Amino acid sequence: MSSMLSELLTLDNAKGFVYAFAKGFADSLRGAVDLFLLDSRSVREKELQLLRKDITRDLLLSREPRGDEPLGLLAKRRSIERRQRDSVLKRNGNESSVNLKRSSTPRILERTLKCCALNGCVFWFSIVLFENAVLPGLKVVLFTVLGDVSGELGEKLWSFTLPIVSTTFSALWVLPFFLLSKIVNAIWFQDIADSAFKSSKAIPQCMPSLTLMIADTIFSILIESIFLLQGKICSYLPITILGRAINLLHLSLLHSLYCFEYKWFNQGLELHKRLYFIEANWPYFLGFGLPLAMLTSMPENWVISGCVFSMLFPLFIVSGNQAQVAADYQVFLSMNKQGKIPLVAFDFDHTIVNQNTDIEVQTVAPGGNIPSDVRANWDASMWTEYMRNVFQHLHSRSVTSNNILDRMNELTLTPGFEVLLSRLYNEVGAELIIISDSNSVFINHILEVHNLKKYFSAIYTNPAFWSDDGVLHIEAYHHQTHCDMSTVNMCKGDILKGHINGSKNEYSFISYVGDGGNDFCPMFRLTTNDLAFVRKDYTLVKFMEKQKRIHQREIKAAIFYWINDTSALLGTKTIIYAGMSSIPSSAGSSARSHFSCIRDLSKKELSECLDKYAGSKVIVWDEALIGPLGLIAEYQFLRDRHVKKMIPLKLGPLKLEENAENIVFITRPLVPLMDIVADNVKNSEDSRKAFHILFLPRKSLLCEMRLKDKGVFGSFTFLDQLSASWFPLETDVISMEDSSIFSEYYLNGDPTSLHSVAKALMALQSIVGIIPKVYGKGKAAKQVYDYMTRLRKEAADEESNLLPSDSSIDTLVIIDRQIDSLSPLATQLTYEGLIDEIYSIKHASVKIPADRFEPNEKDKVLSISEKEMKQCFLNSNEELFAEIRDKNFNAVGHVINKKAKWMAAQFNERHEAKSIKEIKSFVEKLPQMQAIKTSLMNHTSIAESIRDWTNRTEFLDALQIEQELMNYQNVDKLHESIEDLICANADILRVLRLICIQSFITSGLKPKILESYRKLILQNYGYQHLLSLLNLEKAGLLYPMVNGSNKSNYVVLRKKLNLTLDDVNEQDPKDIAYVYSVYAPISIRLVQHLSFSPGGWRSIRDVLDILPGPTLEEKQNSMGKSKPKLITTNNVDSNNSTTLVVFVGGVTFAEISALRYLAQKEESSTDYLIATTSIINGNNFLESMMSNIKEGAPF
């Protein structure tokens, strides 16, 4: 309270307070008007949507069939025709029920009237009737019966009767009805609030968890109760007027919180944010809550006061949902205090509205076209003159102003723009203006129809007016010839500059949002501190390329490309809100934004495919795709697109419990899978369902031919492809999630998979730009680059496949897994690496036995075969995991212990919180503390299970052998230890890993030792492993020593690359060797030399010659034409570079941790990003090349 008064007293101008207070007061009364408009507006929008759908359907069905009609369009027509026939049969019989359903749908006005009827006409009226009719009537009857005219006896008896009757009435009617009305009112209030919120086209946002929601509600009730009690206490101050005034102020703010709480809760705002917003804008909320506080304070009876509140509260709920909170006041204060605000300038056509007004108005001409004699006068530089002729022609053909404005009414806003403008205006406090080459009549009319005009402080456009005879006249905004980037009638750059110079505001930064060539000039004048938002696939993109190529003009502002869907626009909004803080400070950050963009693009493409299949859907999954696609589309995303059920792809009839209109097969383009799909379609119980198939990552002609051979090709309405090659696992890691690439190439000799890798890298470069420097090592790396070169040449010949010329990634390093098969075979000793070794992390999540998380079971012997498993998601969004994931396991305990002590100290603060401020501070931290506590408990349990595993004798013995091999100690004697493990029936995968490590270290095994290993393995583990051993030899992981030579390449590599260290500090590492405790992975040493050595790889040429396969060192140049990147940002720190390391054949978590360690070193100026075909460990690496490892019996 004191802060409010002090702020008011220190205001430079009291008009700011008066303005905000008056605006709040006026906004609170809007509900009485909006109440009658919201329902009709909602009905009108639904009718328009239905009308547009009918028009689209009629246009499609009325097309004459053509022999060359595309398959997708023909299938769509047939699908619509079939559904239209089915719906016609039901329409007549169901028409009355549909109308009944519509009429029974609860509306805002209906609910409000019910509240008034319940609380006013029934409850309040019954009390008034009792007090003013029933009680006097009883008194008269009593006196008449007694015949006591003087009334002395009657008054005495009435004094006893009145309390009894009143108490009985209160107990049997008032109290039960009051409680019942509160329950009913709560339901109706929520319904009114939800309907009003939906009418604003906002999307409800849920709180992150049920626990947080419950805690938020409890503390909300607590805070509101304390505030109400505080106001009540103030009302008993000795100075009556002052006490009542302070109490009224409390009630006004409290009622404002009540009114806005429904809206804020739907927006997902937590309590501390809601309270902060009230506190920051208290003059506005004081004015907003005052009418309701005054009206409810008038009745002395608290029951009557409650009735008044319940009758009026729905009006104020609507007002709160429609109100624009006093950002004007905040802006006013900031201007008075010489503060800075953002300026956001918008184009209009194809930006705020999704169409071009000047083009759309021409469709109202008879026949929908402007005659050729009028079009002949068109000149791109004299567009305004051309539009004058268009308007004259329309008038001459009896097109009225109403016809034209009705067409403007049908134009749609760009998805999400209403929410964007509202948040920029109300939450950011930005000044918004429009600079458009349309005209004032069209713009003002559309803004008024959509209630958007209030957001804009200025509209700069060509002036227009209606003449008396109904002709629309348009004039040029000005005439200019000095700017060759603009049209004659309008230089938007001059207009923007003039607005800035003439404004009283000081701007923190300027954003310009546009799509056309005439938007280049204002963007060109922006500084490096500003933001330019360019609509992708519109003329501005080509105009920018032309200006750069011919005039060497480049936009200095940070450029962000946006597309025409809501999700992309929401991303644009986030960047605008954050201002310059969101612009990446280095190339690495920029490239990371591209990795998140990959997910957004794949998600958008999947959404477009699913939306195309109109109606409810059942998805039939290729099981191998469930995990990867889960990284793109979460369950709720699919539910929002009317997916009722998801089932695996298996032979036999589809068992569908849900009644869905569409069956969507999502599958890899493999011929054997097409046999299963065909079997599903043939055995489908309902032939009326529409079948679709979605291939990932691309269609296959062989698959289509197979479907034709099976006789089901014609059953599919759509055959689409989802070109998702990369799946983001982390902000710095993307994966193809294909673990078969190494075995397919080195075991089966099939290079097809490498072509897929090349295409995936080309798709990545279409987002980040052409990476100028390329290095690679290994046979597979060279072949991938050759494929990339061929694909680039093909793309250069086809304009639609052009690649961006500039890149936010400086270097591409392609590592063939074969050159370093040692690293995946070794035991990873980082925290995340050990989780993968023991439990196998798949698609950024891991399943761990549930008993490990039960406190009373912490000493139970670990069993991977436990049936009950708990799934844990592992990513950097979890603060504790992000801190410990890359640490050596021996350093994890200290971090967890330190975090546990901090958590205990934080929770102990609740006992010391006594004042409201301290309670509020604790409440603000509570959600974060609860999340950290849960994370701490989970990772404590996981760390304990890892400790139990690593303390096993079998694990320690194998690790000792492994480390002795890496240190090249007792190499000639260690085969005896390995043979002992085989005879003890140790895990076959662990044994094979050690044998392959030995083979790599010694450059092959002595024939005698290799033969001994073979016999022992077949005798102890089964004859079926003979094929597995042969596969390992064929893949180059297990092979005999050549000519009995004792020369080992590993000895040279170990010395030249410093692969092993004697004393590794696992707690505070100084070298990447900490990830294996003694050994630094060869692959990462190569990357380290490339980035840190003065001569790069040239300084280790002798080492590269020892490693298998060719060495690659190339430069990629733009082949002729190019196109801009999808998203571009300006590097703030030009000294930093970004290297993309691509692993063909898989990468381990230990290697990823090593790269992250390199990026964090003080002397490092390189940020590393990782792209891999899959995440591997020693077990799954070998399993991909083995046969029937779990079957068979020993001899």
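Going by numbering that gives the first Met the number 0, the letters in the sequence shown line up with residues 0 to 1194, in that order.
C-beta: ideal position from N, C-alpha, C; glycine also.
Remember, it's a predicted structure, so these values are computed and weren't measured experimentally.
Apart from sequence neighbours up to five positions away, the residues of its chain that approach Asp819 with a beta-carbon distance below 7 Å are Pro1080, Ile1081 and Ser1082, ordered along the chain.
The region 512 to 529 makes no contact with the region 361 to 375: fewer than 3 CB pairs, one atom from each, lie closer than 8 Å. Exclusion of the five residues before and after Leu993 leaves Ala957, Ile960, Glu961 and Ile977 as the residues of its chain whose Cβ lies within less than 7 Å of its Cβ. Taking 7 Å as the cut-off, the Cβ atoms of Asp885 and Arg1155 count as close. In the three-state reduction of the DSSP assignment, Asn874 falls in the coil class.
Taking Val732 as the centre and dropping the five residues before and after it, the same chain places the C-beta of Ile1151 and Ile1169 closer than 7 Å to its C-beta, in chain order. Sixteen is the threshold: when 16 or more other Cβ atoms of the shown chains lie within 10 Å of the Cβ of Pro282, as they do, the residue is buried. Fewer than three beta-carbon pairs drawn from the region 1090 to 1097 and the region 986 to 1002 are found closer than 8 Å, and the two stretches are therefore not classed as touching. According to DSSP, residue pairing for Ala1170 in a beta bridge involves Ile733 and Val1141. Of the residues Ile473, Phe347, Met704 and Gln479, the one whose Cα lies closest to the Cα of Tyr385 is Ile473. Per DSSP, Arg638 is one residue of the alpha helix (DSSP H) stretching across Tyr634 to Asp639.
Contact between the region 631 to 639 and the region 752 to 759 is absent: fewer than three C-beta pairs spanning the two stretches fall below 8 Å. A residue is called buried once 16 or more other Cβ atoms fall within 10 Å of its Cβ, and Ile163, having fewer, is exposed. Counting only runs of at least 4 residues, the region 1021 to 1079 fully encloses the following alpha helix (DSSP H) elements, listed from N- to C-terminal order: 1024 to 1033 and 1048 to 1055. Separation of Leu420 and Lys758 (C-alpha to C-alpha, rounded to the nearest whole angstrom) is 40 Å. Phe532 sits away from Arg552, with the two beta carbons spaced by 7 Å or more. Contact holds between the region 431 to 443 and the region 342 to 356, because three or more Cβ pairs, one in each stretch, are under 8 Å apart.
Distances from the alpha-carbon of Asp514 to those of Ser439, Thr413, Pro462 and Val448 put Thr413 closest. Taking a contact as a CB-CB distance under 8 Å, the pair Pro823 and Phe1148 does not count as one, their CB atoms being some 10 Å apart.
By the Cβ rule, the region 615 to 624 counts as touching the region 661 to 668, because three or more pairs are nearer than 8 Å. Straight-line spacing of the CA atoms in Arg243 and Lys496 works out to 53 Å. In this chain, the alpha helix (DSSP H) harbouring Phe284 covers Trp281 to Ser296.
For His754, DSSP records no beta bridge to any residue. Per the C-alpha coordinates, the member of Val1063, Cys258 and Val1077 positioned closest to Arg1053 is Val1077.
For Asn1116, DSSP records no beta bridge to any residue. Taking all protein chains in view, the Cβ of Ser875 is surrounded by fewer than 16 other Cβ atoms within 10 Å, so the residue is classified as exposed.
Rounded to the nearest whole angstrom, the C-alpha separation of Phe1142 and Ser742 is 14 Å. Taken atom to atom, the span from the alpha-carbon of Asn368 to that of Lys649 is near 54 Å. Runs of the alpha helix (DSSP H) lying entirely within the region 498 to 526 and spanning at least 4 residues, in chain order: 519 to 523. Around the beta carbon of Asn1178, 16 or more other beta carbons sit within 10 angstroms, so the residue counts as buried. In this model, Gly288 and Met645 are separated by some 49 Å (Cα to Cα). Counting C-beta atoms within 10 angstroms of its own C-beta, Met1184 has 16 or more neighbours from the protein chains shown and is therefore classed as buried. Beyond the five residues adjoining it in sequence on each side, Ile403 comes within less than 8 Å, by CB distance, of Val360, Val363, Leu393 and Leu471 in the same chain, given in chain order. When the Cα atoms are used, Glu544 and Gln1159 turn out to be separated by approximately 37 Å. Residue burial annotation: Ser485 is buried, with at least 16 other C-beta atoms found within 10 angstroms of its C-beta. Annotation for Ala1149: the continuous alpha helix (DSSP H) segment containing it runs Phe1148 to Gln1159.
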